[in-house]
Amino acid sequence: MHRFFVKPEQLLESIVTISGEDFKHITKVLRLGKGDLIEVCDGQGTDYLVSLNTPGDQTISGSITRQYRSQGETPEMRITLFQGLPKGTKMEVIIQKAVELGVYQIVPFSSLRAVSQIKDKQDKKIERWQRIAYEAAKQSKRGIIPKILLPQTLKEVLNQVDHYDLMILAYEDENRLTLKAALEAFQKISKTDKPLSIAVIVGPEGGFDLQEAAACQAARVISVTLGRRILRTETAGMVVLSQLNYWMEGGSS
Ligand code: SAM
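For the record, in the sequence shown the residue sitting at position 117 is 146 according to our numbering, with numbers rising by one throughout.
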């Protein structure tokens with residue numbers, strides 16, 4: 030079933046009104062009309078089954094027949110991926126896959142070994158990345174549209190440690206603590222029923238400089254190994270997100 034994100038103000042009582050790009054897509058591309066069903070999501074974790082009315086010139090409305098929690102969210106956990114700026118268009122793949130794997134927000138960061146710094150045309154890039162997140166959220170039936178935040182420095186990232194219940198550094202030179210062990214240790218001390226906010230830091234292709242790794246450890250970020258192989262930067266974040274999903278779905282018991 031075709032799925033569209035709508036703003037809360039487009040939902041009035043039991044009617045949803047759609048205009049703009051989505052109106053054109055529904056009426057001109059999908060050629061849907063009276064009686065056809067679509068699914069809309071308010072971007073805050075609630076989905077609605079909608080039976081369309083006859084389209085007008087620039088808007089189409091529909092009656093909400095059912096409301097339910099979006100299937101694509103894990104409300105118990107919010108994962109922020111701090112991603113070292115990768116080369117070329119790799120960030121686009123990272124965003125797409127991370128949204129499919131349930132990421133809550135993505136923050137690009139620059140570091141000593143990040144070869145690409147998005148100084149020029151930064152707004153354009155962020156706009157394109159946000160569009161990729163939007164499309165991936167629609168395709169994967171997410172209940173929210175994960176945000177792509179403005180790039181930060183690693184120092185700025187580390188200043189936010191206390192904003193998270195747990196901040197993890199995927200560190201290629203860590204050879205002792207696994208992500209599993211770190212989560213089990215965390216589970217023992219975390220006595221909270223609010224959504225867990227977990228931050229994951231993944232380095233760029235060049236990895237982390239020794240002094241950066243030391244700064245992360247000094248900031249009480251937990252360094253974990255993802256195994257004996259060196260993963261590409263675009264792989265590492267996905268491994269962490271997958272393991273966090275597994276852990277949250279009871280894989281740790
Ligand atoms: N310094 C690495 C090397 O020796 O080739 C390059 C960095 S790796 C391509 C990019 C990032 O992925 C790392 O900074 C780290 O965040 C993550 N990563 C890759 N393999 C990892 C592993 N086995 N354990 C933990 N993190 C890993």
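Even glycine gets a Cβ: it sits at the ideal position worked out from N, Cα and C. All values derive from a computational prediction rather than experimental measurement.
Would you report the Cα separation of residue i and residue j, rounded to the nearest angstrom?
i                : j             : result
arginine 261     : valine 79     : 42 Å
leucine 212      : glutamate 50  : 43 Å
isoleucine 283   : glutamate 121 : Nothing can be reported for residue 283: it is not among the residues displayed for the chain, which extend from 30 to 282.
phenylalanine 33 : glutamate 201 : 40 Å
tyrosine 97      : leucine 239   : 48 Å
alanine 244      : arginine 157  : 32 Å
threonine 264    : valine 128    : 14 Å
proline 233      : leucine 183   : 11 Å
isoleucine 251   : alanine 165   : 29 Å
Need the endpoints of the alpha helix (DSSP H) that residue i sits in, please.
i            : result
valine 250   : That residue, valine 250, is in no alpha helix (DSSP H); it is neither H nor E in DSSP.
aspartate 51 : 49–53
Taking the alpha carbon of residue i as the point to measure from, which residue in the options has its own alpha carbon closest?
i              : options                           : result
glycine 172    : Glu203, Asp51, Gln73 and Val35    : Gln73
glycine 64     : Ile177, Lys154, Thr94 and Val122  : Thr94
lysine 53      : Leu81, Met30, Thr88 and Asn82     : Thr88
threonine 207  : Leu273, Gln189 and Thr46          : Leu273
glutamate 278  : Ala244, Val186 and Leu130         : Leu130
glycine 27     : Ala166, Cys70, Val144 and Val136  : Summary: the structure shown does not reach residue 27, with the chain confined to residues 30 through 282, and so no result is reported for it.
aspartate 28   : Ile55, Ser99, Val253 and Arg249   : The structure shown does not extend to residue 28, since the chain is modelled only from 30 to 282, so the question has no answer here.
arginine 249   : Arg257, Leu225, Val190 and Asn204 : Val190
asparagine 178 : Trp276, Ala214, Ile135 and Lys223 : In the sequence as displayed, the identity of residue 178 is leucine instead of asparagine. Nearest C-alpha to leucine 178: Ile135.
glutamine 168  : Gln39, Cys70 and Pro37            : Cys70
How would you call residue i, buried or exposed, if buried means at least 16 neighbouring beta carbons within 10 angstroms?
i          : result
serine 282 : Caution is warranted here: a pLDDT of 47 is assigned to serine 282, below 50, making its placement in the model unreliable, and the coordinate value is therefore given only provisionally. Label assigned to serine 282: exposed.
leucine 59 : exposed
leucine 41 : exposed
Starting from residue i, follow the beta strand (DSSP E) in both directions and report where the run begins and ends.
i            : result
threonine 94 : 88–98
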